[in-house]
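In our numbering, each residue's number is its place in the sequence shown (first place is 1) plus 34.
For reference, the structure discussed in these notes is given below.
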Amino acid sequence: MKEKPRVFVTVLSIILLIFVLAGCSNQATDSKNVMNIKTAVAGKHKLQATIDVSGVLLPTKTVNVVSKISGQVTGVNFDVGNNVKAGDTLITLETRTLNAQLQQAEAALQSAEAVVQAAKDQIDQAKINLDAAQKAYDRIKALYDSSAASQSQLDDVTTKLDLAKKQYEIAVGSAQKQAQASVNTAKANINSIKVQLDNSIITSPIKGVIVNRNINPGEIASPGVVLLTIADTSTLKLKGTVSQQSVPLLQAGQKINVTVDVFPNKIFEGIIERIGPMAVSTGEYFPIEISIKNPGELKAGLSAHASVNVSSSEGVVIPSSAVFQSNGQSYVYVIKNNVAIKRNVTIGLKNDSEVEVLKGLNKGENVAVTNVSSLFDNMPVNGY
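What follows is the structure, encoded as structure tokens:
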């Protein structure tokens, strides 16, 4: 009877051992299932970065050359690729019809001026007649007042005076006005034709290069239709965008290096002309415009890249591999007690290896830098 307790204890010990071994086995299995990730500690220092802007070189100014009048083209003096100066004659139009019209208008002016002169002569004669009639009236009136002239004599000179006045008024009035109106019309017609003759010679409004030609001799130039396009390429511009985090680090007038794909070994000096006051549609990027003085070999349409080295203020910095995007937002996984916690962060400057965190992370916190895409919030991990 004394042996039974020993047997019971032995069986109980075996059962307990089995449970312990099973538990250890499960722990080993769970440990194997937990993902191993590498972590990095968020530091705090200034971040050196490069702000890049890419785009196509554009002319500073582009002008479409149009004709102000309709006419047949007699000459086109420049072709695509030719350089022009302001005032150069680009296109000439046929002027035979206009010259004939000018001769007719000048002849009409001479005729109108002759009519005006005749009207003036009539006025002068009417004035002479009026003065004579007035003197005759004054003489007879004085005689009549002294009873030395009859009533019929006074009536006669009065009638002649009234007639002379009417003739003078007619000469001074409508006849002269109509004649002068004809002169004014003829002069206006001449001026209009001369303007058209001036417009038959189409000149360049700017210094630049011909980049487009749509007209040939013999064709008809119509008002408002683009004949040539001239681009001012003495200074070129590069348009692009920069992130909102980069905007405080840039300013108008700042120098910036520009490289062009077809000249890989040359650096051209650019100047930031302006940074747009309003973000583009995405809301995170602002337009920027850079001007580049053209030494001669640059052409509009070439691909170009501008870059400038900048430094942030001292802030929280982590490896770039720690940051991932979701629904347009930036996130990191903060590792606490071997648990990955998803956290939203605001990103500042970044370079090839590091990124500045403006908000959402503190110095000294650990973040996952490997297998980030495989993690989820509150996931157990083995950080090292």
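Beta carbons: idealized from backbone N, C-alpha and C, even for Gly.
8 angstroms Cβ cutoff met for residue i and residue j
{"i": "valine 114", "j": "asparagine 218", "result": "no"}
{"i": "phenylalanine 112", "j": "leucine 127", "result": "no"}
{"i": "leucine 81", "j": "glutamate 388", "result": "yes"}
{"i": "lysine 397", "j": "lysine 78", "result": "yes"}
{"i": "valine 415", "j": "valine 68", "result": "yes"}
{"i": "valine 97", "j": "isoleucine 240", "result": "yes"}
Residue span of the beta strand (DSSP E) that contains residue i, given as start and end
{"i": "lysine 200", "result": "From DSSP, lysine 200 is part of no beta strand (DSSP E) but of the alpha helix (DSSP H) over 185 to 204."}
{"i": "valine 75", "result": "73 to 75"}
{"i": "leucine 336", "result": "First-last for leucine 336: undefined, no H or E at that position."}
{"i": "valine 314", "result": "Unbroken run through valine 314: none, as it is neither H nor E."}
{"i": "leucine 392", "result": "388 to 393"}
{"i": "valine 25", "result": "Because the chain is modelled from 35 through 418, residue 25 falls outside the range shown and cannot be assessed."}
{"i": "lysine 327", "result": "319 to 327"}
{"i": "threonine 293", "result": "289 to 294"}
{"i": "valine 259", "result": "First-last for valine 259: undefined, no H or E at that position."}
Burial state of residue i (16 or more Cβ within 10 Å)
{"i": "valine 366", "result": "buried"}
{"i": "leucine 395", "result": "buried"}
{"i": "proline 257", "result": "exposed"}
{"i": "phenylalanine 410", "result": "exposed"}
{"i": "asparagine 412", "result": "exposed"}
{"i": "glycine 335", "result": "exposed"}
{"i": "glycine 304", "result": "buried"}
{"i": "phenylalanine 42", "result": "Note that phenylalanine 42 scores a pLDDT of 44, beneath 50, so its modelled location is shaky; the value from the coordinates is reported in the next line. The residue is exposed, with fewer than 16 neighbouring Cβ atoms inside 10 Å."}
{"i": "serine 101", "result": "buried"}
{"i": "tyrosine 418", "result": "exposed"}
Secondary structure of residue i, DSSP reduced to three states
{"i": "alanine 142", "result": "helix"}
{"i": "glutamate 128", "result": "coil"}
{"i": "glycine 207", "result": "helix"}
{"i": "leucine 50", "result": "Reliability of the predicted coordinates at leucine 50 is poor, the pLDDT of 48 falling under 50, and no value is obtained from them."}
{"i": "glutamine 279", "result": "coil"}
{"i": "serine 360", "result": "strand"}
{"i": "glutamate 307", "result": "strand"}
{"i": "glutamine 82", "result": "strand"}
{"i": "threonine 123", "result": "strand"}
{"i": "leucine 55", "result": "Reliability fails at leucine 55, whose pLDDT of 43 lies under 50, so the model's placement of it is uncertain and no value is given."}
Pick from the options that is closest to residue i, judged by C-alpha positions
{"i": "threonine 108", "options": "Ser238, Pro251, Ile240 and Leu231", "result": "Pro251"}
{"i": "glycine 330", "options": "Ile103, Lys95, Gly242 and Ile369", "result": "Gly242"}
{"i": "valine 357", "options": "Lys221, Thr380, Glu203 and Asp189", "result": "Thr380"}
{"i": "methionine 312", "options": "Gly105, Val276 and Asn371", "result": "Val276"}
{"i": "leucine 261", "options": "Val75, Ser354 and Ile103", "result": "Ile103"}
{"i": "leucine 383", "options": "Glu348, Ile322, Thr404 and Asn405", "result": "Glu348"}
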